[in-house]
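Top line first, the protein sequences correspond to chains A and B.
Last residue of the first sequence: number 445 in UniProt numbering, and the count goes up by one each step with no gaps.
Last residue of the second sequence: number 445 in UniProt numbering, and the count goes up by one each step with no gaps.
Using N, Cα and C, we set each Cβ at its ideal position, and we do this for glycine too.
There are 2 protein chains.
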Amino acid sequence: MTKVIAVGGVAGGATAASQLRRLDPDIGITIYERYEEISYGSCGMPYHISGEVETRDSLVNMTPEKFKQKNIDVKTCHEVIAVHPHNNTVTVLDKKNNIEFIDSYDYLILSPGGSPRILPVLKDTPQTFSLNKIEDLDDLMAYIETHNISEALVVGSGFIGLEVTENLSERGISVTMLQHDDRIYKNIEADMNGMLYEAMNEHGITLKLNTEITKIDGETAELSNGETINAPLIISGTGISPNTGFLKSSGITLTDKGLIPINKNGQTNFDNIYALGDAAVTRYQHVPGLNMQSALAWPAHRLAHIIANQISGDSSITHEGFLGTNIVQFFDCHIASFGLSEREVADIPHFVVDQQQKNKSGYMKNAAPIRIRIYVDKKSGLILRAAVTGTAGVDKRIDVLAAHTRLGGTAFDLINIEVAYAPPFSSPKDVINMVGYKAIEKAKE
Amino acid sequence: MTKVIAVGGVAGGATAASQLRRLDPDIGITIYERYEEISYGSCGMPYHISGEVETRDSLVNMTPEKFKQKNIDVKTCHEVIAVHPHNNTVTVLDKKNNIEFIDSYDYLILSPGGSPRILPVLKDTPQTFSLNKIEDLDDLMAYIETHNISEALVVGSGFIGLEVTENLSERGISVTMLQHDDRIYKNIEADMNGMLYEAMNEHGITLKLNTEITKIDGETAELSNGETINAPLIISGTGISPNTGFLKSSGITLTDKGLIPINKNGQTNFDNIYALGDAAVTRYQHVPGLNMQSALAWPAHRLAHIIANQISGDSSITHEGFLGTNIVQFFDCHIASFGLSEREVADIPHFVVDQQQKNKSGYMKNAAPIRIRIYVDKKSGLILRAAVTGTAGVDKRIDVLAAHTRLGGTAFDLINIEVAYAPPFSSPKDVINMVGYKAIEKAKE
Numbered sequence: 001m002t003k004v005i006a007v008g009g010v011a012g013g014a015t016a017a018s019q020l021r022r023l024d025p026d027i028g029i030t031i032y033e034r035y036e037e038i039s040y041g042s043c044g045m046p047y048h049i050s051g052e053v054e055t056r057d058s059l060v061n062m063t064p065e066k067f068k069q070k071n072i073d074v075k076t077c078h079e080v081i082a083v084h085p086h087n088n089t090v091t092v093l094d095k096k097n098n099i100e101f102i103d104s105y106d107y108l109i110l111s112p113g114g115s116p117r118i119l120p121v122l123k124d125t126p127q128t129f130s131l132n133k134i135e136d137l138d139d140l141m142a143y144i145e146t147h148n149i150s151e152a153l154v155v156g157s158g159f160i161g162l163e164v165t166e167n168l169s170e171r172g173i174s175v176t177m178l179q180h181d182d183r184i185y186k187n188i189e190a191d192m193n194g195m196l197y198e199a200m201n202e203h204g205i206t207l208k209l210n211t212e213i214t215k216i217d218g219e220t221a222e223l224s225n226g227e228t229i230n231a232p233l234i235i236s237g238t239g240i241s242p243n244t245g246f247l248k249s250s251g252i253t254l255t256d257k258g259l260i261p262i263n264k265n266g267q268t269n270f271d272n273i274y275a276l277g278d279a280a281v282t283r284y285q286h287v288p289g290l291n292m293q294s295a296l297a298w299p300a301h302r303l304a305h306i307i308a309n310q311i312s313g314d315s316s317i318t319h320e321g322f323l324g325t326n327i328v329q330f331f332d333c334h335i336a337s338f339g340l341s342e343r344e345v346a347d348i349p350h351f352v353v354d355q356q357q358k359n360k361s362g363y364m365k366n367a368a369p370i371r372i373r374i375y376v377d378k379k380s381g382l383i384l385r386a387a388v389t390g391t392a393g394v395d396k397r398i399d400v401l402a403a404h405t406r407l408g409g410t411a412f413d414l415i416n417i418e419v420a421y422a423p424p425f426s427s428p429k430d431v432i433n434m435v436g437y438k439a440i441e442k443a444k445e
Numbered sequence: 001m002t003k004v005i006a007v008g009g010v011a012g013g014a015t016a017a018s019q020l021r022r023l024d025p026d027i028g029i030t031i032y033e034r035y036e037e038i039s040y041g042s043c044g045m046p047y048h049i050s051g052e053v054e055t056r057d058s059l060v061n062m063t064p065e066k067f068k069q070k071n072i073d074v075k076t077c078h079e080v081i082a083v084h085p086h087n088n089t090v091t092v093l094d095k096k097n098n099i100e101f102i103d104s105y106d107y108l109i110l111s112p113g114g115s116p117r118i119l120p121v122l123k124d125t126p127q128t129f130s131l132n133k134i135e136d137l138d139d140l141m142a143y144i145e146t147h148n149i150s151e152a153l154v155v156g157s158g159f160i161g162l163e164v165t166e167n168l169s170e171r172g173i174s175v176t177m178l179q180h181d182d183r184i185y186k187n188i189e190a191d192m193n194g195m196l197y198e199a200m201n202e203h204g205i206t207l208k209l210n211t212e213i214t215k216i217d218g219e220t221a222e223l224s225n226g227e228t229i230n231a232p233l234i235i236s237g238t239g240i241s242p243n244t245g246f247l248k249s250s251g252i253t254l255t256d257k258g259l260i261p262i263n264k265n266g267q268t269n270f271d272n273i274y275a276l277g278d279a280a281v282t283r284y285q286h287v288p289g290l291n292m293q294s295a296l297a298w299p300a301h302r303l304a305h306i307i308a309n310q311i312s313g314d315s316s317i318t319h320e321g322f323l324g325t326n327i328v329q330f331f332d333c334h335i336a337s338f339g340l341s342e343r344e345v346a347d348i349p350h351f352v353v354d355q356q357q358k359n360k361s362g363y364m365k366n367a368a369p370i371r372i373r374i375y376v377d378k379k380s381g382l383i384l385r386a387a388v389t390g391t392a393g394v395d396k397r398i399d400v401l402a403a404h405t406r407l408g409g410t411a412f413d414l415i416n417i418e419v420a421y422a423p424p425f426s427s428p429k430d431v432i433n434m435v436g437y438k439a440i441e442k443a444k445e
């Protein structure tokens, strides 16, 4: 019997295994997951803090028992600690019984994910939590309740930092956010993030820029600016590192950041070893030759389908890279982008087009501004990067821009996107169209 | 001096004239508009009834005076009553002074719009209003106020019927809607319109299907079902007919419905005569050889830009037909579609794919169902028609489907549209993607 091993049972591994079972009722599938739980919606975890997600169990899609019914063998608390590609085997540590053993595969799917980077000063402090796995959420929720937490420090201002801040605040916990430098949420342009500061102000979030924790003393934190503040709860949101240490001497190619490069089939440098999820790196769909690490759920789910098809024998289903479409909600602020980072786009000759107008017909009572910036490749007219900010309707505009760009639509051709118009939804020349008209003008300059 | 005459000064004519002036500072431009007002957002008119659009003047984009500043000559209350293409002249009736005169053009832009079809039984009844031009809105608002209207009949259930019903109801007026047959809002599939009935129920709207007015007697209406009901105010929303009677002996080609066919440049059968707006007919962008009459603002604005460029000498800017993307809001119901009508699609070999899932991650508190149906061309895999219903997020899905289809994306390729995912906005496999996965399965059957 052909046998597949998946390393990691959260989004990537669990989804790939499920897809594969749908395609092939007979193939042997084993998932090794180093923690207790599998197959949960990790992106939803911040929303359980506020109660927006009412029960933590609603985040859990599948249990080992449910997988068993599908004839998928799930071993939780089992950590794959080495891969031996030339033997097609893995070394597994059964963490509960502290036993090592060898298992063999025909195909290996690597979905080990990442681990939060915790600042040294916060290591081993009992009140510091990250939000990487569902056990972290359980620990955090228990800590908030047993310690009657009414104030918290959030370190970092990425996806997790913003989402946790909003949800702690919605729960009634007073939040101070610390950012080590002078700019928050670097996924968006510095001159487009003003609404985040406004929202913090409006919701009573204290923001301290250029500030780090220098020392934790019990429930107080000493800061680099000389202040001492209460820190009964600290959320660390300072990024993740790929869990690929176990691959270092395997012969599987890793980047200098420890990421696993994959090709259009989802394959690593070994034909029968695939990778996906936060530890994988692929390329941009719309700009050749540029790596894209997208620790995002959408590409993980897409790759799960591709890899399952590849393993089951349909080599026609591939991916041509991703755009990295992303969005975050912070109270009423919706902030989205896709494509190259600002730093990456600087290396390609381009021009920038900005457009701001209302998200619906301007005469409607609650019409709100929406702002789009596109970076247009001077040679091809393609949108290298798009950034959209506003309230309602940001997700629509980024999705339309992404769908258009993916199929090779240029900035100039945005004028032809036939949006559904009625006054509650857009304008007869939507902001999407107007940025196209402006791009045409700008190209003439 | 080259001279352009535009017939009709609402969306199409006024926008084309403005665009032309931007492109050519010297060309002579005259707009003849048969009523008093020009350049207003007619789609917003229903929303003034409820106060969602606070002032009627906010609907007016431009006045004759403002056009004068742009050196565009606007003659209101001037009706073009004949066109003489072989002389390049028009006959104009100055309605205020009841004087006819001849004017000549190098280019003629026809944007005469349509007139509401009023049922014979309602003709000349003082309480019957349509909502076609802004003067109609003024008359209606005055009538509501002076007659202390607290109940109304709405006849018809198209865009106008639904929007007026919602806004009358929001104003506190009790509405009865009459539909002559057994199905409301035929832009959407009969088995997808249930939410409209629910919303009517919830908001206390009385709906009478298979019911017509047989007689108006003062402020009461006799109905075909034998009932007599109060009818102090009646809104007629039973469609429009193109205002093209004045073209009948001109030699300009008209369809049997009186619509003006145009080519990709916006030209009629005369090279220097263009048409756009509710009286024009073009073709579908994604299905060759099928006429599309789209009395919609988006195509009108798009054609205005194309025609202005064509006249100013840039023949490269054309259109390849439209999808007819449309949407309506009725309380919380959002209902959208594009492409062929159900009747048109029946003539092309196709299969249907349905998908229903939540508009955001299912574990979020206010996640709401969204439903998509696509009609997939068996030969090409293109989406011939798409229908989307739900609440928040319908506009996003139809716009993404439209952007994708316009660039030749197939139903199967929907799986690759990289939507911006975060729990408040979508799922890692959005409904857009899932309908693609289902299309792939269905095609295998």
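Length of the line joining the Cα atoms of residue i and residue j
i	j	result
T55/B	D139/B	15 Å
S174/B	N230/B	11 Å
F330/A	F159/A	9 Å
L323/A	N291/A	11 Å
L108/A	V388/A	39 Å
N60/A	M45/A	Before going further, note that residue 60/A is Val rather than Asn in the sequence given. Each residue's Cα considered, the two are about 10 Å apart.
A346/A	T325/A	19 Å
M141/A	D136/B	59 Å
Q356/A	L259/B	36 Å
T89/B	I31/B	14 Å
E344/A	K186/A	13 Å
S104/A	A199/B	59 Å
N263/A	P288/A	13 Å
S58/B	E37/B	13 Å
N132/A	S42/A	7 Å
residue 452/A	H147/B	Residue 452/A is absent from the structure shown; chain A starts at 1 and stops at 445.
L247/B	V83/B	6 Å
F270/A	K396/B	40 Å
I398/B	A386/B	8 Å
residue 504/A	G8/A	Residue 504/A cannot be examined here, being either before or after the span of chain A that is shown, 1 to 445.
Supposed contact pair residue j and residue i - C-beta distance, whole angstroms, cut 8 Å
i	j	result
I184/B	S157/B	4 Å
V164/B	G237/B	6 Å
I374/A	A403/A	Not really, about 14 Å apart at Cβ, beyond 8 Å.
I29/A	A17/A	5 Å
T64/B	V74/B	For the sequence presented, residue 64/B should be read as Pro rather than Thr. Indeed, because the Cβ distance is near 4 Å, the residues count as touching under 8 Å.
I235/A	V155/A	7 Å
L401/A	A439/A	Contact flag wrong, Cβ pair sits at about 12 Å.
residue 446/A	S115/A	The first residue shown for chain A is 1 and the last is 445, placing residue 446/A beyond what the model contains.
Minimum Cβ-Cβ distance from residue i to chain E less than 8 Å
i	result
D399/B	The structure shown contains no chain E; its protein chains are A and B.
* In chain order, which alpha helix (DSSP H) runs of at least 4 residues are fully inside the segment 181-249 of chain A? -> 194-202
* Asked: Just by C-beta distance, which residues in the segment 356-371 of chain A are closer than 9 Å to chain B?
  -> S361, G362, Y363, M364, K365, N366
* Asked: Where in the segment 55-122 of chain A do unbroken runs of the alpha helix (DSSP H), each at least 4 residues long, occur, reported from the N-terminal end onward?
  -> 64-69
* Asked: Does the segment 361-374 of chain B come close enough to the segment 32-52 of chain A that 3 or more CB-CB pairs lie under 8 Å?
  -> yes
* For the segment 317-337 of chain B, which residues have a CB atom closer than 7 Å to at least one CB atom of chain A, in sequence order? -> F322, L323, T325, N326, I327, V328, Q329, A336
* Of all the residues that make up the segment 301-318 of chain A, which are near chain B by a beta-carbon distance shorter than 8 Å? -> Correct list: H301, R302, H305.
* **Runs of beta strand (DSSP E) wholly within the segment 375-410 of chain A (minimum 3 residues, chain order)** => As for any beta strand (DSSP E) of minimum length 3 sitting wholly inside the segment 375-410 of chain A, the runs are 383-390, ordered along the chain.
* Asked: Do the segment 429-443 of chain B and the segment 420-435 of chain A meet, that is, are 3 or more Cβ pairs less than 8 Å apart?
  -> no
* Touch test, the segment 176-194 of chain B against the segment 203-212 of chain B, Cβ-Cβ under 8 Å, three pairs minimum -> yes
* To do: Determine which residues of the segment 401-412 of chain B have a Cβ less than 8 Å from any Cβ of chain A, and write them out in chain order.
  => A402, A403, H404, R406, L407, G408, G409
* **Contact residues within the segment 25-54 of chain A, judged by C-beta distance below 7 Å to chain B** => G41, C43, G44, Y47, E52, V53, E54
* **Positions along the segment 417-428 of chain A whose CB lies within less than 8 Å of some CB in chain B** => I417, E418, V419, A420, Y421, A422, P423, P424, F425, S426, P428
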